[in-house]
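Colleague:
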Amino acid sequence: MRIFLLPISTRRTLLFAHRLSAAAPQSHETWLEKVQSKAAKTWAGWEQKESGWQKTLVHYGNHALKRIPYEEWGLKSVPPLSTKRKDDEMRGDDKVEVIYPQTILPGHRVTDVLRTLSTEREGLHRQRLIWCLIGMPISAPFALVPVVPNIPFFYLVYRAWSHWRALSGGRHIKFLLDKSLLVYNPSPILDEVYSRQHPPLPSTPESTAIPGEPKNESPHIPDVNPTSGSGETMLLSQANGKEMTRALGLPQLEVELERALWQVEEAIHKQNNERIALKRDEKKDDTKSQ
Numbered sequence: 001m002r003i004f005l006l007p008i009s010t011r012r013t014l015l016f017a018h019r020l021s022a023a024a025p026q027s028h029e030t031w032l033e034k035v036q037s038k039a040a041k042t043w044a045g046w047e048q049k050e051s052g053w054q055k056t057l058v059h060y061g062n063h064a065l066k067r068i069p070y071e072e073w074g075l076k077s078v079p080p081l082s083t084k085r086k087d088d089e090m091r092g093d094d095k096v097e098v099i100y101p102q103t104i105l106p107g108h109r110v111t112d113v114l115r116t117l118s119t120e121r122e123g124l125h126r127q128r129l130i131w132c133l134i135g136m137p138i139s140a141p142f143a144l145v146p147v148v149p150n151i152p153f154f155y156l157v158y159r160a161w162s163h164w165r166a167l168s169g170g171r172h173i174k175f176l177l178d179k180s181l182l183v184y185n186p187s188p189i190l191d192e193v194y195s196r197q198h199p200p201l202p203s204t205p206e207s208t209a210i211p212g213e214p215k216n217e218s219p220h221i222p223d224v225n226p227t228s229g230s231g232e233t234m235l236l237s238q239a240n241g242k243e244m245t246r247a248l249g250l251p252q253l254e255v256e257l258e259r260a261l262w263q264v265e266e267a268i269h270k271q272n273n274e275r276i277a278l279k280r281d282e283k284k285d286d287t288k289s290q
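Residues in the sequence shown are numbered from 1 upward in steps of one, following the UniProt record's numbering.
#1: Would you mind sorting Tyr60 into buried or exposed? The rule is 16 or more other CB atoms within 10 Å of its CB.
#2: Decide if Arg125 is buried, meaning its Cβ has at least 16 other Cβ atoms within 10 Å, or exposed.
#3: Please say whether Ser168 and Pro101 have beta carbons closer to each other than 9 Å?
#4: Would you report the Cα separation of Gln127 and Arg171, rounded to the nearest angstrom?
#5: Excluding five sequence neighbours on each side, which residues of the same chain lie with their C-beta closer than 6 Å to the C-beta of Arg2?
#6: With a threshold of 6 Å on Cβ separation, who are the neighbours of Ser77 within its own chain once the five nearest residues in sequence on each side are excluded?
#7: Leaving out five residues before and five after residue 301 in sequence, what residues of the same chain have Cβ atoms less than 8 Å from its Cβ?
#8: So, Leu5 versus Thr13, is the Cβ gap smaller than 9 Å?
#9: Based on Cα-Cα distance, which residue from Gly123, Arg121, Pro152 lies nearest to Ile134?
#10: Which class does Ser9 belong to by DSSP, given the choice of helix, strand or coil?
#11: Hey, would you say Leu117 sits closer than 9 Å to Leu75, going by beta carbons?
#12: Quick one, which of Asp191, Ser237, Val264 has its alpha-carbon nearest Pro199's?
#13: Quick check on Gly231: buried or exposed, where buried means 16 or more other Cβ atoms within 10 Å of its Cβ?
#14: In whole angstroms, what separates the C-alpha of Gln197 from that of Ala239?
#15: Which residues in the same chain have their Cβ closer than 6 Å to the Cβ of Pro69, if we skip the five residues on either side of it in sequence?
#16: Taking buried to mean at least 16 other C-beta atoms within 10 Å of its own C-beta, is Arg121 buried or exposed?
#17: Can you list the alpha helix (DSSP H) stretches of 4 or more residues lying completely in the segment 149 to 195, in chain order?
#18: Given that a residue counts as buried once 16 or more other Cβ atoms are within 10 Å of its Cβ, and exposed if not, what is Gly249?
#19: Roughly how many angstroms separate the alpha carbons of Tyr194 and Glu256, rounded to a whole number?
#20: Taking all protein chains shown into account, do 16 or more other C-beta atoms lie within 10 angstroms of the C-beta of Met244, making it buried, or fewer, making it exposed?
#21: Compute the Euclidean distance between the alpha carbons of Leu261 and Thr233, then round it to the nearest angstrom.
#22: Can you check the segment 47 to 123 for any beta strand (DSSP E) of at least 3 residues that lies completely inside it and give the ranges in chain order?
#23: Are any of the Cβ atoms in chain C nearer than 9 Å to that of Leu124?
#24: Have a look at the DSSP bridge pairing and note the partners of His15.
#25: What's the gap between the Cα of Leu177 and the Cα of Ile276?
#26: Would you check if the distance between the CB atom of Arg115 and the CB atom of Lys174 is smaller than 9 Å?
#27: Where do the ends of the alpha helix (DSSP H) carrying Gly231 lie?
#28: What are the start and end residues of the alpha helix (DSSP H) that includes Ala247?
#29: From Ser82 to Ala160, what distance separates their C-alpha atoms?
#30: Quick check on Ser207: does DSSP put it in helix, strand or coil?
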């Protein structure tokens with residue numbers, strides 16, 4: 001398995017895990033993997049519909065999925081730590097590499113960033129998992145309504161599974177860190193992609209990240225100093241994100257990277273708009289007081 005650390009901004013980093021081993025034969029799939037596969041095929045089939053409630057559901061469903069935090073998607077890409085996987089990793093049969101751009105993310109900080117990403121949302125996922133489990137029996141009676149599926153119930157089931165997978169992914173990373181089982185490999189390919197990113201890029205004077213989160217740096221983008229201020233600047237554009245997925249040969253990364261870039265850009269724009277609105281209100285108050 002390879003874990004990619006991809007800085008999105010000076011304050012935010014995307015974690016993405018790519019499993020190198022070939023897919024398991026269908027006969028060796030776990031029941032959870034079979035359910036996931038069946039759900040994915042059903043969803044893909046509904047996307048092909050010309051009209052009807054399935055098409056409408058997919059439209060709004062995809063919009064909702066896009067807004068699930070990219071941090072959650074990243075942790076979900078890390079497989080749960082099964083007994084077999086744990087034994088394989090302890091024996092060294094299943095090595096785990098960490099791939100990162102050392103010009104943006106210095107090697108001595110990679111471990112701290114990984115630990116932060118694996119633990120910072122643990123309490124949130126646990127709390128929301130509990131609320132989903134509480135809501136599932138409450139929404140179950142909607143199954144009595146004919147024609148359409150019990151959408152509230154299935155949504156809560158999906159979100160409960162999603163939070164559980166994120167928790168499991170974070171615990172897997174913590175296990176690898178605690179047992180010193182990770183192999184760290186800086187990537188010249190990533191360094192090259194980041195070096196071709198030119199300003200201007202969206203920025204804000206205040207960080208949109210959780211307070212205390214490690215800051216990334218960039219020698220390629222002017223005015224980005226990791227030791228000054230608390231602001232935030234994008235380090236990657238959507239165009240360069242697509243270039244990155246092509247350079248790495250990971251088409252499955254494209255949707256994850258696109259989602260993360262969109263979410264951070266939206267957070268920066270929202271914060272800037274709020275600052276503008278606040279300054280406008282302050283000017284109005286000053287005018288009235290005069």
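Virtual Cβ for every residue (Gly too), placed ideally from N, Cα, C.
Modeller: The answer reads as follows:
#1: Indexing the sequence shown from 1 puts residue 60 at position 60. So Tyr60 counts as exposed.
#2: For the purposes of this step, residue 125 is taken as residue 125 along the sequence shown, with counting starting at 1. Here the sequence assigns His to residue 125, which means Arg is not the residue at that position. By the neighbour-count rule (16 or more Cβ atoms within 10 Å), His125 is buried.
#3: To locate residue 101, count along the sequence shown from 1; it is residue 101. To locate residue 168, count along the sequence shown from 1; it is residue 168. Going by C-beta atoms, Pro101 is not nearer than 9 Å to Ser168.
#4: Here the question's residue 127 lines up with position 127 in the sequence shown. Here the question's residue 171 lines up with position 171 in the sequence shown. Distance between the alpha carbons of Gln127 and Arg171: 16 Å.
#5: Residue numbering aside, residue 2 sits at position 2 when the sequence shown is read from its first letter. Here the set comprises His18, Glu97, Ile99.
#6: Numbered from its first residue, the sequence shown carries residue 77 at position 77. The residues Phe16, Ala17, in chain order, have a CB closer than 6 Å to that of Ser77 in the same chain once the five nearest residues on each side in sequence are set aside.
#7: This structure leaves residue 301 out entirely; the chain is present only between 1 and 290.
#8: Taking the sequence shown and counting its residues from 1, the one referred to as residue 5 is at position 5. Taking the sequence shown and counting its residues from 1, the one referred to as residue 13 is at position 13. With contacts defined as CB atoms closer than 9 Å, Leu5 and Thr13 qualify as a contacting pair.
#9: Translated into positions along the sequence shown, residue 134 becomes position 134. Distance check between Ile134 and each of Gly123, Arg121, Pro152 places Pro152 closest, using alpha-carbon atoms only.
#10: Taking the first residue of the sequence shown as position 1, residue 9 is located at position 9. Residue state, collapsed to three classes: strand.
#11: Locating residue 117 in the sequence shown gives position 117, counting from the first residue. Locating residue 75 in the sequence shown gives position 75, counting from the first residue. Going by C-beta atoms, Leu117 is nearer than 9 Å to Leu75.
#12: Taking the first residue of the sequence shown as 1, we reach residue 199 at position 199. Across the set Asp191, Ser237, Val264, the C-alpha of Ser237 shows the shortest separation from the C-alpha of Pro199.
#13: Here residue 231 refers to the residue found at position 231 when the sequence shown is read from its first residue. The residue is buried, with at least 16 neighbouring Cβ atoms inside 10 Å.
#14: Within the sequence shown, residue 197 is the residue found at index 197, counting from 1. Within the sequence shown, residue 239 is the residue found at index 239, counting from 1. Gln197 and Ala239: Cα-Cα distance of roughly 9 Å.
#15: Translated into the one-based positions of the sequence shown, residue 69 becomes position 69. Nothing listed; no residue qualifies.
#16: One-based indexing of the sequence shown puts residue 121 at position 121. The residue is buried, with at least 16 neighbouring Cβ atoms inside 10 Å.
#17: The DSSP assignment places complete alpha helix (DSSP H) segments of no fewer than 4 residues inside the segment 149 to 195 at 151 to 178, 188 to 195, in order along the chain.
#18: As a working note, residue 249 is residue 249 in the sequence shown. Burial is judged here by how many other beta carbons sit within 10 angstroms of a residue's own beta carbon; Gly249 has fewer than 16 and is exposed.
#19: As a position in the sequence shown, residue 194 is number 194, starting the count at 1. As a position in the sequence shown, residue 256 is number 256, starting the count at 1. Looking at the two C-alpha atoms, the distance is approximately 17 Å.
#20: As a first step, residue 244 is located in the sequence shown; it is residue number 244 there, counting from the start. Of the residues assessed, Met244 falls on the buried side of the cut-off, its CB having 16 or more other CB atoms within 10 angstroms.
#21: Here residue 261 refers to the residue found at position 261 when the sequence shown is read from its first residue. Here residue 233 refers to the residue found at position 233 when the sequence shown is read from its first residue. Distance between the alpha carbons of Leu261 and Thr233 is about 12 Å.
#22: Runs of the beta strand (DSSP E) inside the segment 47 to 123: 96 to 100.
#23: You won't find chain C in this structure, because it holds only one protein chain.
#24: Taking the first residue of the sequence shown as position 1, residue 15 is located at position 15. Note on residue identity: the sequence assigns Leu, not His, to residue 15. For Leu15, which the question treats as bridged, DSSP gives the partners Leu5.
#25: The count along the sequence shown starts at 1 and reaches residue 177 at position 177. The count along the sequence shown starts at 1 and reaches residue 276 at position 276. The alpha-carbon of Leu177 is positioned some 42 Å away from that of Ile276.
#26: Position 115 of the sequence shown, counted from the first residue, corresponds to residue 115. Position 174 of the sequence shown, counted from the first residue, corresponds to residue 174. Cβ atoms of Arg115 and Lys174: closer than 9 Å.
#27: Counting from one through the sequence shown, the residue named residue 231 turns up at place 231. Per DSSP, Gly231 belongs to no alpha helix (DSSP H) and is neither H nor E.
#28: Here residue 247 is taken as the residue at index 247 of the sequence shown, counted from 1. Start and end: 238 to 248.
#29: Position 82 of the sequence shown, counted from the first residue, corresponds to residue 82. Position 160 of the sequence shown, counted from the first residue, corresponds to residue 160. For Ser82 and Ala160, the distance between alpha carbons rounds to 19 Å.
#30: As a first step, residue 207 is located in the sequence shown; it is residue number 207 there, counting from the start. DSSP places Ser207 in coil when its eight states are reduced to three.
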